[in-house]
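First up is the structure itself, then whatever we jot down about it.
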Amino acid sequence: MTALLNIQGLHIRAGDKPLVSDLSFSIRPGERIGLIGESGSGKSMTAMAATGLLPVSIGVSGSIELDSQQVVGATDRVLNRLRGAAAAVVFQEPLTALDPLMKIGRQIAEPVRRRLERESGKTSKDTVQREVRDLIDKVALPQPERIINSYPHEVSGGQRQRVAIAMALACRPKLLIADEPTTALDVTTQAEILALLDQLVRETGMSLLFISHDLPVVAQVVERVIVLKNGVAVEEGPVKTVFGNPQHDYTKTLVEAARLFDEALGATG
Ligand SMILES: Nc1ncnc2c1ncn2[C@@H]1O[C@H](COP(=O)(O)OP(=O)(O)OP(=O)(O)O)[C@@H](O)[C@H]1O
Ligand SMILES: [Mg+2]
83 MTALLNIQGL HIRAGDKPLV SDLSFSIRPG ERIGLIGESG SGKSMTAMAA TGLLPVSIGV
143 SGSIELDSQQ VVGATDRVLN RLRGAAAAVV FQEPLTALDP LMKIGRQIAE PVRRRLERES
203 GKTSKDTVQR EVRDLIDKVA LPQPERIINS YPHEVSGGQR QRVAIAMALA CRPKLLIADE
263 PTTALDVTTQ AEILALLDQL VRETGMSLLF ISHDLPVVAQ VVERVIVLKN GVAVEEGPVK
323 TVFGNPQHDY TKTLVEAARL FDEALGATG
């Protein structure tokens, strides 16, 4: 089957400083892949490169095919067509994705309207409103009436992340890229958002690129992982193999750190 995202020989640099070096991986339709590594290892850079979102000051070479379109060097017109339809991104901090001055209902309506126009060339206010309500239900936001009429700062962090997920879902992307979507949340909310993402991805059959530094989190939602260290993929394979029998020293350190953390939690809990 043709890959939905196919990255081959990707190099990303800032001036002459390499940020990502010779990275290759692909994601098939419906496949869930985790990209893990410590802070600064190049995870977000890779995610931004995949959707053509890197700042112009950053150098990119290699090949990134998203839904059979080349992203490296693509024009804004090509990229705009791909964004949303081929891939949508949920970021770590939902406030960055939301407009502070626009009510939440209108913000969710925006990608819904764009998608309907793309699909059928026309939209009606009623259809858009109905879909906004459906999406709010889907991401299990409480008090839909209040949320629709609230500004982002008037709802909780976990609720804002649900709004950001609803906006990504509104695009009906073939690939969902989630860049540390739960890192900014408390542990309980983290678990809820993770379960929600997991359920939505399975229901819709979307592909998933899940980015995190947190091994147990990644292990819950993906089938395969790629371990990045200083912009280099040091290990790759099925979750069970990589976590159960890590080969690279760096992966061993990550697995050991996660195990110690779990033990510490067990000791207090
Ligand atoms: N605009 C930029 N110009 C130059 N270097 C940058 C820029 N943005 C990020 N970097 C550097 O690129 C490297 C990779 O950053 P990236 O954001 O991909 O890390 P990450 O793996 O996502 O880390 P984290 O887990 O903290 O989010 C870092 O060393 C970072 O300082
Ligand atoms: Mg990051």
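Residue numbers for the sequence shown follow my numbering, beginning at 83 and rising by one.
From the three backbone atoms N, C-alpha and C, an ideal C-beta is built for every residue, glycine too.
Measure the C-alpha to C-alpha separation of I146 and M130 and round it to an integer number of angstroms.
Approximately 11 angstroms between the Cα atoms of the pair.
Contacts around A167, its chain only, beta-carbon distance under 6 angstroms, and the 5 residues preceding and following it disregarded
There are no such residues.
**Bridge partner(s) assigned by DSSP for G319** = Under DSSP, G319 forms a beta bridge with V307.
Check: Do K125 and G119 have their CB atoms nearer than 7 angstroms?
Finding: Result yes, Cβ atoms of K125 and G119 sit closer than 7 angstroms.
Pick from P226, L101 and A85 that is closest to L92, judged by C-alpha positions:
With distances taken between Cα atoms, L92 lies closest to L101.
- Using only the heavy atoms of ligand 2, determine whether one of them is closer than 6 angstroms to the beta carbon of S126. Yes, the beta carbon of S126 sits closer than 6 angstroms to at least one heavy atom of ligand 2.
**Request:** Answer yes if the stretch 285-292 comes into contact with the stretch 255-264, meaning at least three C-beta pairs across the two stretches below 8 angstroms, and no otherwise.
**Result:** The stretch 255-264, when compared against the stretch 285-292, does touch it at the 8 angstroms Cβ threshold.
### Query
Expressed to the nearest angstrom, what Euclidean distance is found between the alpha-carbon atoms of T128 and G141?
When rounded, the distance between both Cα atoms is 12 angstroms.
Q.
I'd like to check one pair, V316 with V307: are the Cβ atoms closer than 7 angstroms?
A. No, Cβ-Cβ distance for V307 and V316 is not below 7 angstroms.
Would you list the one or two residues that DSSP bridges to G287?
BP columns for G287 are empty, so no partner.
*Confirm, please, whether the CB-CB distance from I109 to L136 is below 7 angstroms.*
Not closer than 7 angstroms, so no.
G351 to P298 span [Cα, whole Å]: The predicted position of G351 is uncertain, since its pLDDT is 49 and thus under 50; a value taken from the coordinates is nonetheless stated next. Using only the alpha carbons, I get a separation of about 17 angstroms.
Checklist entry - How is S108 classed by DSSP in three states: helix, strand or coil? => result In this structure, S108 counts as strand in the three-state DSSP scheme.
For this session: Give the C-beta separation of L217 and A248 to the nearest angstrom, bearing in mind that I take them to be a contact with Cβ-Cβ under 8 angstroms.
Result: Beta-carbon to beta-carbon, L217 and A248 are separated by about 4 angstroms, close enough to satisfy the 8 angstroms threshold.
Check: To the nearest whole angstrom, what separates the beta carbons of G116 and V300, a pair I think is in contact under 8 angstroms?
Finding: At roughly 4 angstroms, the Cβ-Cβ gap stays under 8 angstroms, so G116 and V300 are in contact.
Is DSSP giving L258 helix, strand or coil here?
Assigned with DSSP and collapsed to three states, L258 falls in strand.
**Q.** Whole alpha helix (DSSP H) elements within the stretch 145-171, 4-residue minimum
**A.** Listed in chain order, the alpha helix (DSSP H) elements of length 4 or more contained wholly in the stretch 145-171 are 158-164.
### Message
Taking the alpha helix (DSSP H) that G116 belongs to, which residues open and close that run?
### Response
Element bounds for G116: not the alpha helix (DSSP H) but the beta strand (DSSP E), R114 to I118.
>> Can you tell me whether S123 sits near ligand 1, meaning its C-beta is under 6 angstroms from at least one heavy atom of the ligand?
In response: Under cutoff, so the answer is yes.
Where D143 falls: helix, strand or coil (DSSP):
According to the sequence as given, residue 143 is Ser; it is not Asp. Reduced to three states, the DSSP call for S143 is strand.
Practice item. Return the CA-CA distance between L223 and Q272, expressed in angstroms with no decimal places. Key: As the crow flies, the alpha-carbon of L223 is around 15 angstroms from that of Q272.
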